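Protein chains in written order, with my numbering: chain A, 791 to 1009; chain B, 791 to 1009.
The structure under discussion appears below in the form of structure tokens.
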């Protein structure tokens, strides 16, 4: 059964699936599409993803387009292959389940800040909303900084790399790419640095992220 | 190890966890809190959930507050007990993973419409935004109507009740409680009716939903 991944460069949800594919040592057919050219709305994508979004993921006739769903599917399907992404300890499993779903909240708050102008029509924009979004994101990132302060093993859930890292790491890297301050978020920065050379992550690092932005420098 | 669930009446995320607990035949300590009295911000909740949200879920010292995470945790922890919520067929598993995460999108679009005034300060409200949110929700619900049209087994993922139903059903019921038209969404209405008397669902049905609202009647 062939694995096909349609993905876009620099998208944290796409990156997750690439990391999971690497960790699980899967052979896959890799279709890099351009968001700028609107290729995520192409017939090939829309045929299997009515939302016209990336990632779009197929394994044989099975379709799992939601990025975290695709990662969990891969772990489930290839249990004995590559890295075991579900921790052995049930305490760590509980933490993994918590962090995986909490990542959606972090993602949403990042998107609200970084894509505000893109998402909100000009005559509906308010400085008060922008300030509130920035403050919400700051509080959110402080929560995650606190989690990493307490994380004895250095990873998101326990003492080894797990599905929680596959899901959360791309958003941590995304935040620093956009200029998050390592001084104000030292534990997240340490986590960022610890994993950046892990083969699955290094190999799939978004090539368009060569030059950082400073959009989150004041968060 | 004691299971403790702090929950609020009428919250679809809380309801999910109640359904999962019933399906898995778990014994649990049930703490019904009042949103109106702000009990979700009480010290008992904040001690284990820094977000001060419901559900707040604990099993021994393990904390999984994200509702879908708690449901997956329960299935994982009590595999041989009660209903098996992960389908046996790998095709159905793929569909389950897709629907579980897609439910977040449906939830978000419902929240944008139903809680607009509560979420958006008065001087930031726009009729154009309300109209767009309503239209987005309509498109979203049409997608789900289409999914149910194609669902040969009548359930969200395959021919039997699964985790996908645990996660999605509360939002389907929530939509009809708020006046969604069964004429315009007949397959979703059929799905709603098919499961409403399932013991786990009937027993935990929000008691405050006796009288429907008409907030979604024009969707």
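By construction, the Cβ of each residue, glycine as well, lies at the ideal position given by its N, Cα and C atoms.
It should be emphasised that the depicted structure is a prediction, and the values quoted were computed from it without experimental measurement.
Practice task
Could you spell out where the alpha helix (DSSP H) holding residue 742 of chain B opens and where it closes?
Solution key: For residue 742 of chain B there is no data in the structure shown, the boundaries of chain B being 791 and 1009.
Handout entry: Residue from A:915, A:972, A:961 and A:941 whose Cα sits closest to the Cα of residue 995 of chain A
Key = Within the first chain, the letter at position 205 stands for residue 995 of chain A. Closest by C-alpha distance to residue 995 of chain A, out of A:915, A:972, A:961 and A:941, is A:961.
Exercise for the section: Could you tell me which uninterrupted beta strand (DSSP E) segments, each at least 3 residues in length, are contained entirely in the region 803 to 878 of chain A, listed from first to last along the chain? Expected result: Within the region 803 to 878 of chain A, the runs of beta strand (DSSP E) that reach at least 3 residues and sit entirely inside it are, in chain order, 819 to 823 and 846 to 849.
Problem - Heavy atom of the ligand PLP within 7 Å of residue 996 of chain B beta-carbon - result: The model depicted lacks the ligand PLP and carries no ligand whatsoever.
Handout entry: Members of the region 864 to 883 of chain B near chain A, C-beta cut-off 8 Å
Key = From the region 864 to 883 of chain B, only 866, 867, 880, 881 and 883 have a Cβ closer than 8 Å to chain A.
Handout entry: Given 8 Å, three or more beta-carbon pairs between the region 982 to 1002 of chain B and the region 793 to 811 of chain B
Key = Judged by Cβ distances under 8 Å, the region 982 to 1002 of chain B makes contact with the region 793 to 811 of chain B, as three or more pairs qualify.
Problem - residue 924 of chain A versus residue 821 of chain B - alpha carbon distance - result: Position 134 of the first chain holds residue 924 of chain A. Position 31 of the second chain holds residue 821 of chain B. C-alpha separation (whole angstroms): 34 Å.
Exercise for the section: Scan the region 912 to 935 of chain B for residues whose Cβ lies nearer than 7 Å to a Cβ of chain A and list them as they occur along the chain. Expected result: Of all residues in the region 912 to 935 of chain B, 914, 916, 918, 919 and 933 have a Cβ within less than 7 Å of some Cβ in chain A.
Problem - 4-residue-minimum alpha helix (DSSP H) runs that sit fully inside the region 876 to 911 of chain B, ordered along the chain - result: The region 876 to 911 of chain B contains these whole alpha helix (DSSP H) runs: 880 to 904 and 906 to 909.
Handout entry: Backbone secondary structure at residue 985 of chain B - three-state DSSP
Key = One-based indexing of the second chain puts residue 985 of chain B at position 195. In this structure, DSSP gives residue 985 of chain B a helical state, which the three-state scheme calls helix.
Practice task
Can you grab the Cα-Cα spacing for the pair residue 1004 of chain B / residue 969 of chain B, in whole Å?
Solution key: Here residue 1004 of chain B refers to the residue found at position 214 when the second chain is read from its first residue. Here residue 969 of chain B refers to the residue found at position 179 when the second chain is read from its first residue. Computed Cα separation, rounded: 4 Å.
Problem - Close-in-space but distant-in-sequence residues of the same chain around residue 814 of chain B (CB under 8 Å, 5 per side omitted) - result: Walking along the second chain from the start, residue 814 of chain B turns up at place 24. Around residue 814 of chain B: 864, 865, 868, 871, 872, 873 and 875.
Practice task
Return yes when the Cβ of residue 879 of chain B is within less than 8 Å of the Cβ of residue 948 of chain B, no when it is not.
Solution key: Here residue 948 of chain B refers to the residue found at position 158 when the second chain is read from its first residue. Here residue 879 of chain B refers to the residue found at position 89 when the second chain is read from its first residue. Contact: yes.
Exercise for the section: Taking only beta-carbon positions, decide if residue 896 of chain A is within less than 8 Å of chain B. Expected result: Walking along the first chain from the start, residue 896 of chain A turns up at place 106. At a cut-off of 8 Å, the C-beta of residue 896 of chain A has no neighbouring C-beta in chain B.
Exercise for the section: Spell out a yes or no on whether the region 915 to 930 of chain B and the region 975 to 993 of chain B are touching, meaning 3 or more CB-CB pairs, one atom from each, closer than 8 Å. Expected result: With a cut-off of 8 Å, the region 975 to 993 of chain B and the region 915 to 930 of chain B do not count as touching, because too few Cβ pairs lie within range.
Problem - Under 7 Å by beta carbon: chain B residues contacting residue 858 of chain A - result: Numbered from its first residue, the first chain carries residue 858 of chain A at position 68. Those within 7 Å of residue 858 of chain A in chain B are 891.
Practice task
State the Cα-Cα distance for the pair residue 918 of chain B and residue 818 of chain B, rounded to the nearest angstrom.
Solution key: Here residue 918 of chain B refers to the residue found at position 128 when the second chain is read from its first residue. Here residue 818 of chain B refers to the residue found at position 28 when the second chain is read from its first residue. CA-to-CA, the gap between residue 918 of chain B and residue 818 of chain B works out to about 46 Å.
Handout entry: Assigned secondary structure, residue 797 of chain A (DSSP; H/G/I helix, E/B strand, else coil)
Key = As a position in the first chain, residue 797 of chain A is number 7, starting the count at 1. When secondary structure is reduced to three states using DSSP, residue 797 of chain A falls in the strand class.
Problem - Euclidean distance between Cα positions of residue 984 of chain A and residue 824 of chain B - result: On the first chain, position 194 is the one that residue 984 of chain A refers to. On the second chain, position 34 is the one that residue 824 of chain B refers to. Rounded to whole angstroms, residue 984 of chain A to residue 824 of chain B spans 43 Å at the Cα level.
Practice task
Count the other C-beta atoms from every protein chain shown that fall within 10 angstroms of the C-beta of residue 963 of chain B, then say buried if there are 16 or more, exposed otherwise.
Solution key: Here the question's residue 963 of chain B lines up with position 173 in the second chain. Buried, by the Cβ-count rule.
Problem - Candidates B:885, B:967, B:975 and B:897: closest to residue 941 of chain B by CA position - result: Mapped onto the second chain, residue 941 of chain B falls at position 151. Closest by alpha carbon: B:885.
Handout entry: Interface residues of chain A facing residue 854 of chain B [CB-CB closer than 7 Å]
Key = Here residue 854 of chain B is taken as the residue at index 64 of the second chain, counted from 1. Proximity of chain A to residue 854 of chain B at the Cβ level (cut-off 7 Å) is accounted for by 884, 887 and 888, in chain order.
Exercise for the section: Rank B:852, B:834, B:830 and B:811 by C-alpha distance to the C-alpha of residue 791 of chain B and give the top, closest one. Expected result: Mapped onto the second chain, residue 791 of chain B falls at position 1. Across the set B:852, B:834, B:830 and B:811, the C-alpha of B:852 shows the shortest separation from the C-alpha of residue 791 of chain B.
Exercise for the section: Could you pull the start and end residues of the alpha helix (DSSP H) that residue 965 of chain B belongs to? Expected result: Working through the second chain from its first residue, we reach residue 965 of chain B at position 175. Residue range 953 to 967 is occupied by the alpha helix (DSSP H) that includes residue 965 of chain B.
Practice task
Mark residue 892 of chain A as exposed unless 16 or more other C-beta atoms lie within 10 angstroms of its C-beta, in which case mark it buried.
Solution key: On the first chain, residue 892 of chain A is found 102 positions in, with the first residue counted as 1. Buried is the call here.
Problem - Contact with chain A by residue 996 of chain B, beta-carbon distance below 8 Å - result: Taking the second chain and counting its residues from 1, the one referred to as residue 996 of chain B is at position 206. Chain A contact via Cβ: absent.
Handout entry: 8 Å contact criterion, which residue 848 of chain B and residue 794 of chain B should meet: CB distance rounded
Key = Residue numbering aside, residue 848 of chain B sits at position 58 when the second chain is read from its first letter. Residue numbering aside, residue 794 of chain B sits at position 4 when the second chain is read from its first letter. With a Cβ gap of about 5 Å, residue 848 of chain B and residue 794 of chain B count as contacting.
Exercise for the section: Answer yes or no: do residue 966 of chain A and residue 931 of chain A have a C-beta to C-beta separation smaller than 8 Å? Expected result: Walking along the first chain from the start, residue 966 of chain A turns up at place 176. Walking along the first chain from the start, residue 931 of chain A turns up at place 141. The answer is no: Cβ separation not under 8 Å.
Practice task
Go ahead and pull the three-state DSSP assignment for residue 914 of chain B.
Solution key: As a first step, residue 914 of chain B is located in the second chain; it is residue number 124 there, counting from the start. Residue 914 of chain B: helix per DSSP, three-state reduction.
Problem - Chain-ordered chain B contacts of residue 785 of chain A [CB-CB under 8 Å] - result: An answer regarding residue 785 of chain A cannot be provided, because it is not within the stretch 791 to 1009 covered by chain A.
Practice task
Just the C-alpha distance for residue 913 of chain B and residue 839 of chain A, rounded to the nearest angstrom, thanks.
Solution key: For this step, residue 913 of chain B is matched to residue 123 along the second chain. For this step, residue 839 of chain A is matched to residue 49 along the first chain. Annotation: residue 913 of chain B to residue 839 of chain A spans about 37 Å, alpha carbon to alpha carbon.
Exercise for the section: Examine chain B for any beta-carbon lying closer than 8 Å to the beta-carbon of residue 811 of chain A, and answer yes or no. Expected result: Along the first chain, one-based indexing puts residue 811 of chain A at 21. No, residue 811 of chain A lies away from the interface with chain B (no Cβ there is under 8 Å from its Cβ).
Problem - residue 883 of chain B versus B:945, B:981, B:971 and B:807, residue with shortest Cα-Cα distance - result: Residue 883 of chain B sits at position 93 when you count from the first residue of the second chain. Shortest Cα-Cα distance from residue 883 of chain B to any of B:945, B:981, B:971 and B:807 involves B:945.
Problem - Backbone CA spacing between residue 950 of chain B and residue 943 of chain B [nearest angstrom] - result: For the purposes of this step, residue 950 of chain B is taken as the residue at position 160 of the second chain. For the purposes of this step, residue 943 of chain B is taken as the residue at position 153 of the second chain. One Cα belongs to residue 950 of chain B, the other to residue 943 of chain B, and the distance between them is close to 7 Å.
Problem - Residue closest to residue 979 of chain B, alpha-carbon to alpha-carbon, out of B:906, B:957 and B:936 - result: Against the second chain, residue 979 of chain B aligns to sequence position 189. Selected option, being the one with the closest Cα: B:936.
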